[in-house]
Structures are given as structure tokens and as C-alpha cells.
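Note that the sequence shown covers residues 3 to 357 in the numbering used here.
Beta carbons: idealized from backbone N, C-alpha and C, even for Gly.
All values derive from a computational prediction rather than experimental measurement.
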Amino acid sequence: RRILRLALGTSLCLLFSQLVAWPLSFVAPVLTLVILATPLPPLGVKNALGLLVALLAPVILGAYLLLPFMEYARWVAILLVGLALFYSFYFTARGGNPMLGMFMTVGLTLIVTVGSVSGDVVWLLIKTLFACTVTAIGFTWIAHALLPDMAGQAAPDGQKKPQPPKPGPAGAGRTALRALFVTLPMALLFLFMSGSPGYTVVMIKVATMGQQATADLSKAMATSLMMSTLWGGLGAMAAWYVLSIWPSLLMYTLLVGLAGLVYGRWIFQGPAVHPQLQMAQYAYLTMIVILAPAVLDGAAGSGAGAAFWTRGMLFVLIAVYGTVAVRVFDAFWPPVRYEEKPAGLSDPAPVKSHG
3 RRILRLALGT SLCLLFSQLV AWPLSFVAPV LTLVILATPL PPLGVKNALG LLVALLAPVI
63 LGAYLLLPFM EYARWVAILL VGLALFYSFY FTARGGNPML GMFMTVGLTL IVTVGSVSGD
123 VVWLLIKTLF ACTVTAIGFT WIAHALLPDM AGQAAPDGQK KPQPPKPGPA GAGRTALRAL
183 FVTLPMALLF LFMSGSPGYT VVMIKVATMG QQATADLSKA MATSLMMSTL WGGLGAMAAW
243 YVLSIWPSLL MYTLLVGLAG LVYGRWIFQG PAVHPQLQMA QYAYLTMIVI LAPAVLDGAA
303 GSGAGAAFWT RGMLFVLIAV YGTVAVRVFD AFWPPVRYEE KPAGLSDPAP VKSHG
């Protein structure tokens, strides 16, 4: 049922976003996917407002605080962005809500790329993200209304089995630094490139890659990053070929729904989650962020085919870079297992991890 809900909510949101076709409308189904693929209870109004604030606050604050620094003291702005990104990764690494961490990271990376152009573009981005977030939350509620949890079935909030100990501040700090090491160089690269708003979709991938680095161990993260890009890219290629034969909005919606059923089998497993949860989540997300902008390009009459393959190659290069960055970071700072200490006890000695 959760798999069906994921596929239904994401595909319906995609259909709506294609019909309204506002700028960056493909972000709405991406956010719907993130919410429905996270093993948490249905969103309440309070949590929904929290997600909206988590995504928009970095952009709005950036418009007021970062834009002057970007124009007159860009290195100060870079330092502030680095600190903000570190906090978003640290929040997730310490056991914070992964959806909040993801939304904060996406907002921060988007303000870096788009905010470097002009204030008008930033305010357009704020309006677009607000519309996309409200739409995404609305379709998650629709999906839960159409496919509610079965009677007697507990929400998958992880309460049925004991939770692993939260990482201590040292372990979470190392994990957040690793995610920052992966994400910040790419953000700076697109910041100094001309026409950086054109790489908005790529920055969404970079943001998710940073959050992925907080969720997996070192070797597991490298494998998960490459596999999610591979399977997401293959899904986008298959859908692209089908759409080139039958370019139909109905077919597009059905393909995204079918992909949700396929990837969903590696996200949810009965009442629990699948061991490949992280890989499958980001594979499905990768498929949509590669495919959706290309479809919009095709509707606008531009070179959709060339843009599709260019975007796909960028994603592969980013995944390779992320894998190498993790290996380099771990080579200079070997992973150590830290555990949250009980109250009243001294810090335990760190234990070196072998993966």
C-alpha cells in the first residue's frame, strides 16, 4: 500500500505540474517523492508548515543577507553558506528529520546558484518554491486519503523496533563535514559559472548527494551514490525512449507511476523499510530530475534530446566526483564509530570502523 501511495502521489503531482507548467514545476513531484518515500507517519499541518519553512527560510534569508555579500564580499557569503550547509547536514546526522534536512539543503544550494544572478530571479524562485511545496504537500495528503493505512496497521515511524543509538557530536560532526566536502565545491563551481540558473536541476542532485552522504557509511555511501545514479539514469533513458515513440502526457504520467512501483519495492518492505532504502529513494529522484526538465524542454520546442543527454552526463560526472570525494575524505580522516554517551558517563573511546 505504501508503494502504491508513492507511485500514485508522485505521478498525480507530476501530471498536475505538467498541466500548470510554471517555472521549475518539476520540483513539485520531486518533493512529493521525498515526503512519500520517507518512512514517517502522514504529515500533519504543523509538520507541513515546518517543511515549508525549512525550504523557503534559507532562500528568503539568503535574499536579504547573502545577496549583498555575494555582490560586494563574495567570500563572506561563501563562508556563511558553508556554515549553513554544515548545520543542515549535522541536523540530519544527529538523527533529525531527514525531510527537514533535505529541504534545508535544497533551499541553500538553490540560493547559491540562482541568487548569484539577480534579486529578481531570487524572488521568482521563492514564489516558485512556495507553489511547488504547497502542491507537493497537497498531493501527499491526496495520496494518503486515497490509500490510507489499513486498519490496525501502525504508521511506519520506526517505533516497533529499538532505535540505534544516535551518533554523538563528534561522529555527527565528522559526517556533516564529509557531506560538506562533497557538496560545497560543486556549489562553488556553479556559483562562479555563467548562466548558473540553468543548472538548478543539477544542484538539486548535488543537494541530495550531500544528504545521502549523511545517511550511509563510507563504503556504503560510495556504492549507494553510484548505484542510485545508474538506476535512476537507466530509468530516465527507458522512459525517454518510450516517450520518443509515444509523446503523450498520459504515457509520461504512467511511466513515472510505473517507476514508483518498481523503485518502491526497494524502498518499502512489508511494515518496515528495505535495506536498499537510500539507494532506491535517490534513484527514483534522479530519474525524475533528469527526465522532467527534458520533457519541459521538448514542450517548449528547444533541443530536448541534446539537453537530456547533457544533463545525464553531468549527473554521472557528479556521482563519480562524489564517490572520489568520499574516498579522499575517508583516507585523510578514517571513519570512527562514535556513540551517544549515557548521562553521567565519560566519553567512550572511539572505535575505528572498517567500512
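Exposure label - residue i; buried when at least 16 CB within 10 Å
i: arginine 329; result: exposed
i: arginine 96; result: buried
i: leucine 347; result: Reliability of the predicted coordinates at leucine 347 is poor, the pLDDT of 45 falling under 50, and the value obtained from them is presented with this limitation in mind. Flag for leucine 347 reads exposed.
i: threonine 312; result: exposed
i: lysine 48; result: exposed
i: tryptophan 77; result: exposed
i: tryptophan 248; result: exposed
i: arginine 176; result: buried
i: glycine 234; result: buried
i: serine 19; result: buried
i: proline 295; result: buried
i: leucine 68; result: buried
i: leucine 245; result: buried
i: tyrosine 254; result: buried
i: phenylalanine 310; result: buried
i: alanine 23; result: exposed
i: leucine 252; result: exposed
i: alanine 333; result: exposed
i: alanine 75; result: exposed
i: proline 31; result: buried
Selected residue, minimal CA-CA separation from residue i, among the options
i: leucine 293; options: Leu236, Ile247, Leu319; result: Leu236
i: leucine 6; options: Lys48, Gln271, Thr225, Phe93; result: Gln271
i: leucine 193; options: Ile80, Ala209, Leu42; result: Ile80
i: tyrosine 286; options: Leu186, His146, Leu38; result: Leu38
i: asparagine 99; options: Ile320, Pro43, Met289; result: Pro43
i: valine 325; options: Gln283, Ser19, Ser230; result: In the sequence under discussion, the amino acid at residue 325 is threonine, which differs from the valine named in the question. When only C-alpha atoms are compared, the closest one is Ser230.
i: alanine 145; options: Phe334, Leu21, Gly259; result: Gly259
i: alanine 147; options: Met228, Gly46, Ser250, Leu252; result: Gly46
i: proline 336; options: Thr40, Gly173, Lys129; result: Gly173
i: tyrosine 284; options: Phe28, Trp268, Leu256; result: Trp268
i: alanine 241; options: Leu257, Leu251, Glu73; result: Leu257
i: leucine 85; options: Met106, Glu73, Tyr66; result: Met106
i: alanine 56; options: Ala23, Met104, Tyr74, Val29; result: Met104
i: valine 291; options: Ser27, Ala23, Leu21, Val22; result: Ser27
i: threonine 185; options: Leu51, Val32, Ala321; result: Ala321
i: leucine 87; options: Leu51, Gly212, Ala261; result: Gly212
i: proline 187; options: Ala261, Tyr323, Val36; result: Tyr323
i: valine 29; options: Gly262, Asp151, Leu298, Phe331; result: Leu298
i: threonine 210; options: Ser250, Leu17, Val36, Pro31; result: Val36
Close beta carbons around residue i, own chain, < 7 Å, minus the five adjacent residues each side
i: threonine 34; result: Gly11, Thr12, Cys15, Ala138, Phe141, Thr142
i: glycine 266; result: Ile5, Leu8, Ala9
i: aspartate 159; result: In this prediction, aspartate 159 scores a pLDDT of 47, lower than 50, which makes its location untrustworthy; the coordinate-derived value is nonetheless stated afterwards. Cβ neighbours of aspartate 159 beyond the five flanking positions: Leu42, Pro43.
i: leucine 112; result: Val61, Leu127, Thr202, Met205
i: threonine 288; result: Lys207, Ser230, Thr231, Gly234, Gly235, Phe317
i: phenylalanine 40; result: The sequence as given places threonine at residue 40; phenylalanine does not occur at that position. Same-chain partners within the cutoff: Pro100, Met101.
i: glutamine 278; result: Trp268
i: arginine 331; result: Position check: residue 331 holds phenylalanine in this sequence, whereas arginine was assumed. Contacts found: Arg180, Phe183.
i: alanine 327; result: Phe183, Val184
Residue i - partner residues in DSSP beta bridges
i: glutamine 283; result: Glutamine 283 pairs with nothing; no bridge assigned.
Cutoff 8 Å; reference residue i; Cβ partners in own chain excluding five residues on either side
i: methionine 239; result: Gly314
i: leucine 54; result: Phe132, Thr135, Val136, Ile139
i: leucine 58; result: Gly109, Ile128, Leu131, Phe132, Thr135
i: proline 25; result: Leu126, Thr130
i: alanine 50; result: Ile139
Cut-off 6 Å between Cβ atoms - residues of its own chain near residue i, not counting five sequence neighbours on either side
i: arginine 3; result: Leu149
i: lysine 163; result: Confidence in lysine 163 is poor, its pLDDT being 47 and thus under 50, which makes the residue's placement too unreliable to answer from.
i: methionine 359; result: With the chain covering only 3 through 357, there is no way to say anything about residue 359.
i: phenylalanine 71; result: Val78, Ala79
i: glycine 262; result: Leu8, Ala9, Thr12
i: leucine 82; result: none
Residue i at chain C interface by Cβ criterion, 8 Å
i: threonine 231; result: Among the protein chains of the structure shown there is no chain C, as only one such chain exists.
Would you say the stretch 73-91 touches the stretch 168-185, given that touching needs at least three Cβ pairs under 8 Å?
-> yes
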